[in-house]
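Data block below; observations after.
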Amino acid sequence: MSALLELKPDWARITFLDSTGGVQTTADYHYFWLRHNCPCLSGCRHSSTKERLIDAAAIPLEIRPLRAVLTTDDSGALAVSFFWAPIATKDDAGGLVVQDETEHVSVFPVQWLRDNAYGVSREHVHELPPHDAALVTIDYTAYAAEYADANGGTRLSAAGAVLYKAALYDRLSKFGVAVIRNRGGNTEDIILDFIDAEAKVIPTHFGRIEHLRTDNTENANNDQLGYTNSAVRLHTDQCYAETVPGFQFLHCIRPADIGGDNYFVHAESAANYLKTEVNRRAYELLTTVPVRFDRKQAKFQALHVSPILRLSDETDPATNERRLAQVRYSYFTQGAQTNVPFSELREWYEAQQVWDKLLYRDDFQIKAGLQAGDVVIYDNLKVLHARNGFTGPRHMAGVYLAASDLWHHLGQAKQASLKVADATADT
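Count along the sequence shown from 1, add 2, and you get the number used in our numbering.
Set out below in structure tokens:
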């Protein structure tokens, strides 16, 4: 028997090959399962009875191997060796003991792995959310240099505006977020990058445009975290509203002296990853248990009740499961949870913690420090956003847009760009 080994962020895949090198089947194994089933006689199995010595409770569920290689076991059979950092176990007195080793080695015969396979030929596997900022970044100056308007300045020619907005369409439709470098200093002008001149931005109880800075005097109801220099953890906006704005953009007027960087998570991808790769039960709880989102300020109050993950009535043809319609996630407006029976509340909190731990993994986040003139725009139904704490007079202008207005405007540009591409190909 021959095999191929592939290490994923949360599990390993073994591809079992036949004698001609053709694929017979694949099997996926969680790392905590592999570590728990280590066959070694150096602390994991008794040297004479071969019975298990290590308890499942001793295995961190987030454990990852240091590395893994295809090799052979003592009998010469094909095997996979996983190398782990030492873990702490409890002695008879309940104290923690760490084995005196630099790394622990688990050697699994490939035949044993096949005989004990449980994640066999999985059809619906989800990859990590996008986390490379380069994938979502557009440099406006590159368009300005190549497609300058005849009247000068930083405005684009008609053809340049079409291509720039088509690039925005591509990034927002695929990743839900776009970072625009060097866009300029006029927020009102930037609004027209995303919607028609006849369309309107969405005002909120803060005002038409939010000026997110610590010395704010322009906006009403500025007694909230966004107008402080505190860190604001991952969330979506306006969770307490019946109808939530589809998009928001932040325009950097002035960056902080220290800190204040933004980061984002494509929550739709994260939710799918939670469902198929990490903890389906947690996903089910987050899609069914209602949460009170309660915004209480000195002169404003609003309440909306909804699960954190709201599913649509539309089903995915590939899985026959309902698609994710919207994420509502806001720790600072989340009210007291009273919708869960006493005996089930811990399970719901555990589900939320599993979800939160995923969101704060580096391989889930897109990080973007904004400089003056930079813009970031994101889907407020599918993308979580956050910022680090900061010092200095940081100033961001925040604007909400209707998703229908944005997709209409950018969609027209996308269609026009395809015609330009076809015309160029014909010549």
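Think of the CB as a built atom: it goes at the ideal place given N, C-alpha and C, for glycine as much as any other residue.
Query                                                                                                         : Result
Residues near Thr206 by beta carbon distance below 6 Å, same chain, minus five either side                    : none
Assigned exposure category for Ile368 - 16 Cβ within 10 Å defines buried                                      : buried
Extent of the continuous alpha helix (DSSP H) run through Glu316                                              : Looking at the DSSP string, Glu316 is not in any alpha helix (DSSP H); the run it does join, the beta strand (DSSP E), is 311-318.
Of the listed residues Val112, Ser108, Ile89, Trp357, nearest to Gly1 (C-alpha basis)                         : The requested residue 1 does not occur in the structure, where the chain is confined to residues 3 to 429.
With 16 other Cβ atoms within 10 Å as the buried cut-off, status of Met398                                    : buried
C-beta atoms of Ile211 and Val401 nearer than 7 Å                                                             : yes
CB contact flag (Ile56, Cys46, <7 Å)                                                                          : yes
Terminal residues of the beta strand (DSSP E) in which Asn264 lies                                            : 264-268
Closest residue to Glu352 among Ala284, Pro132, Gly413 (Cα-Cα distance)                                       : Ala284
Alpha helix (DSSP H) segment containing Lys191, residue limits                                                : Rather than Lys, the amino acid found at residue 191 in this sequence is Asp. Taken as a continuous stretch (DSSP letters only), the alpha helix (DSSP H) holding Asp191 covers 189-193.
From Glu125, Ser44, Lys202, residue whose alpha carbon lies closest to that of Ser406                         : Lys202
Beta strand (DSSP E) runs wholly inside the stretch 373-402, at least 3 long, in chain order                  : 377-381, 385-389
Val164 versus Tyr362 - alpha carbon distance                                                                  : 36 Å
Environment of Asp12 [buried if 16+ CB atoms lie within 10 Å]                                                 : buried
Leu174 to Thr189 span [Cα, whole Å]                                                                           : 19 Å
Span of the alpha helix (DSSP H) around Gln101                                                                : Premise fails: Gln101 is in no alpha helix (DSSP H) and is neither H nor E.
Residue of Glu323, Arg324, Ser332, Thr104 minimising C-alpha distance to Val293                               : Ser332
Exposure of Ala273, with buried meaning 16 or more beta-carbon neighbours within 10 Å                         : buried
Where Tyr31 sits in the DSSP three-state scheme                                                               : strand
Other residues of its chain near Gly2: CB distance less than 8 Å, five sequence neighbours each side excluded : Any property of residue 2 remains undetermined from this structure, which presents the chain solely from 3 to 429.
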